[in-house]
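When we follow the working numbering, the leftmost residue of the sequence shown carries the number 1, and every step to the right adds one. Each residue gets a CB set at the ideal place from its N, CA and C atoms; glycine is no exception. Taking it in order: structure first as structure tokens, then the write-up.
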Amino acid sequence: MRIFTILLVFFSTLFAQDLYKEFLKEQVKEIPLEKAVVFGKGKAQLISFMNPDCSHCRKEWQELKKHPDKVKVYIFLLPFRGHQESRAKSDYIACSKDRIKASDEVFSGKLDGRLPEVPPCPLVDEHIRIAESLGVGATPYNIILKDYRIIEGYNPQLLQLLGVKR
């Protein structure tokens with residue numbers, strides 16, 4: 001009986017992981033990637049929820065931006081609630097004519113202490129709704145598309161997990 005219980009727990013765990021991965025795949029299919037700020041043209045694809053004032057997001061950006069030929073990152077902006085500067089930076093990125101240049105300016109800290117004078121960008125509201133629908137509450141929040149792996153928070157091995165670095 002004990003072996004049966006152990007086997008039951010083992011297979012239940014495996015089945016639950018597979019079930020969760022299938023559930024996540026279905027959720028990811030619902031994400032409108034055309035609404036993201038897209039960086040890179042590489043094969044390693046990543047959905048990343050980022051906050052313009054998050055130090056870990058900035059660190060992640062500095063690593064990802066070195067590999068535009070190897071990664072394709074779908075960035076969804078998630079500003080801190082109630083922080084005018086965070087929201088303004090998100091608006092600046094989302095409605096900029098050159099979103100990648102704007103992203104680099106913001107995530108490199110070039111606009112810190114200077115509130116961009118831009119109107120509210122409805123795309124940021126859509127990004128926030130997408131994050132909320134997935135239950136994303138903190139940044140960075142990453143989904144590696146090749147295996148639907150979720151990485152919550154900064155992970156120094158992200159490029160290795162993407163297959164970009166060894």
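Status (buried if at least 16 other CB within 10 Å, exposed otherwise) for residue i
{"i": "P167", "result": "Because the chain in this structure spans residues 1 to 166, residue 167 falls outside the shown range and cannot be described."}
{"i": "R81", "result": "exposed"}
{"i": "G135", "result": "exposed"}
{"i": "Y78", "result": "In the sequence as displayed, the identity of residue 78 is Leu instead of Tyr. Answer is buried; the Cβ neighbour count reaches 16."}
{"i": "D53", "result": "buried"}
{"i": "S133", "result": "exposed"}
C-alpha distance - residue i paired with residue j, whole-angstrom precision
{"i": "G109", "j": "S48", "result": "19 Å"}
{"i": "G137", "j": "R166", "result": "30 Å"}
{"i": "A44", "j": "L162", "result": "6 Å"}
{"i": "L159", "j": "V118", "result": "33 Å"}
{"i": "K41", "j": "A88", "result": "27 Å"}
{"i": "V28", "j": "P122", "result": "22 Å"}
Supposed contact pair residue j and residue i - C-beta distance, whole angstroms, cut 8 Å
{"i": "V38", "j": "K72", "result": "7 Å"}
{"i": "G167", "j": "H56", "result": "Shown here, the chain extends from 1 to 166; a query on residue 167 therefore has no answer."}
{"i": "I75", "j": "S103", "result": "7 Å"}
Residue interval of the alpha helix (DSSP H) (run including residue i)
{"i": "E60", "result": "55 to 64"}
Endpoints, beta strand (DSSP E) assigned at residue i
{"i": "L158", "result": "No beta strand (DSSP E) contains L158, which is instead part of the alpha helix (DSSP H) from 158 to 162."}
Examine the Cβ distances between the region 60 to 69 and the region 89 to 99 and report whether three or more of them are shorter than 8 Å.
Flag = no, the region 60 to 69 and the region 89 to 99 do not touch.
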